[in-house]
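Under the numbering used here, the first residue of the sequence shown carries the number 2, and numbering increases by one thereafter. All C-beta atoms in this analysis are idealised placements derived from N, C-alpha and C, irrespective of residue type, glycine included. On a predicted model such as this, the values are computed, not experimentally measured, just so you know. Right, one structure below, let's go through it.
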Amino acid sequence: MLKKLFGGLGSAEQFEIPEHDSPLFQDIQWDRLPRHVAVIMDGNGRWATGKGLLRTAGHKAGVKTLKNILKTAIGLNLDALTVYAFSTENWKRPRPEVDFLMQLFADYLTKELQEMHADNVQIHFIGRIDGLPASLQKQMREAEALMCHNTGVKFNVAANYGGQDEILRAVQSLAARAAAGEIQPEQIDEAMLENALDTRGNLPVDLVIRTSGDERLSNFLLWQSAYAEFYFTDVNWPDFTPEDFVKAMIDFAGRNRRFGGLQNK
Ligand code: FPP
């Protein structure tokens, strides 16, 4: 049945937000879903080179996957979906690939903005946004402004993002406030630091999904993932389906989360 649902997902076909009673969701335990899911969308390059294509074809295919996973997250009524689109380390890639990715992000915003808005998505960009091309920054700010009153899934896109960099920027902003006499250093607690992060207003990450076989965090959401569960799959991001995403939800539902204590949550 799922093959029937997803097997023929051609470029002209539109994947709609699955309804609560969709066959896709038949094994979901609705009271044991993660609230905040973070995704490391890895394997675009390997997917493409494995097919004899340019790496950029993998990134293009990855956009379609992202669109379908966002729709699935909406159907699941998740509180937040945070995706790693471009890390502070990704600038080391060849210039044409970096340029392609920047253009891809811009095209994505142009093409998908209104649909995401209609889907009640709240988009937010995290990372050193001021290090991105000026025209892209403008598009990002406009997209955030358009959707700022929406009440659906918080869709955080990490671009020019590094977890250590984010924590450093947060510490610098608190240090500046302390130096200005606005706060006392000993007042700084976890909540204050969390509020200085790019993800302020989001719940902690419950589940980190990484595609394409590697099992590491790669500087993604270091603070926010302190008690996250991890789900790794060998599937490359362009091949990752809503069915695969649901599998991760079902796996998460079976985890025993103790948060350092003894009791099952
Ligand atoms: C990692 O695969 C992927 C990226 C660095 C880019 C992620 C971008 C997308 C999925 C495009 C869609 C995003 C948005 C926000 C429109 P890789 O290139 O590292 O793959 P590899 O490890 O196989 O080389």
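Note on the segment 137 to 189: whole beta strand (DSSP E) runs with a minimum of 3 residues are 155 to 162, in chain order. Fewer than three beta-carbon pairs drawn from the segment 185 to 197 and the segment 138 to 153 are found closer than 8 Å, and the two stretches are therefore not classed as touching. About 14 Å separates the CB atoms of V206 and S219; that is not less than 8 Å, and the two are not in contact. Distance between P19 and N78, taken at the CA atoms: about 10 Å. Assigned with DSSP and collapsed to three states, I210 falls in strand. Cβ-Cβ distances below 8 Å link F253 to R33, L34, P35, D207, L208, E230 and Y232 in the same chain, with the five nearest sequence neighbours on each side left out; the list follows chain order. By the criterion of at least three beta-carbon pairs nearer than 8 Å, the segment 166 to 177 is not in contact with the segment 99 to 110.
C-alpha of G255 to C-alpha of G182: approximately 48 Å in a straight line.
Around N151, the same chain offers H118, N121, V122 and Q123 as residues with beta carbons nearer than 8 Å, after the five sequence neighbours per side are excluded.
Judged by DSSP in its simplified three-state form, Y109 adopts helix. Sequence-distant partners of D245 (beyond 5 residues in either direction) whose C-beta falls short of 7 Å from its own C-beta, in its chain, are T234 and V236. Exclusion of N161 from the 7 Å shell around the ligand FPP follows from its C-beta lying no nearer than that to any non-hydrogen atom of the ligand. Cβ neighbours of K155 within its own chain (closer than 7 Å, five residues either side excluded): D80, A81, Q123, H125 and N203. Of the residues assessed, F241 falls on the buried side of the cut-off, its CB having 16 or more other CB atoms within 10 angstroms. Taken through DSSP and simplified to helix, strand or coil, H60 comes out as helix. The beta carbon of Y228 sits no closer than 7 Å to any heavy atom of the ligand FPP. Judged by DSSP secondary structure, I18 falls outside any beta strand (DSSP E); it is assigned neither H nor E. Scanning its chain for C-beta atoms nearer than 6 Å, with the 5 sequence neighbours on each side dropped, one finds around L110 the residues Q140 and A144, in chain order.
With respect to the 8 Å criterion, F221 and I70 are not classified as neighbours on the basis of their beta carbons. Taking 7 Å as the cut-off, the C-beta of M103 does not count as close to any heavy atom of the ligand FPP.
A straight line joining the alpha-carbon of G163 with that of G46 spans about 20 Å.
Its Cα nearest to that of N161, the residue E90 stands out among T200, E90 and D190. In this structure T66 is buried. Its beta-carbon is surrounded by 16 or more other beta-carbon atoms within 10 angstroms. If you draw a straight line from the Cα of C149 to the Cα of K72, it comes to about 19 Å.
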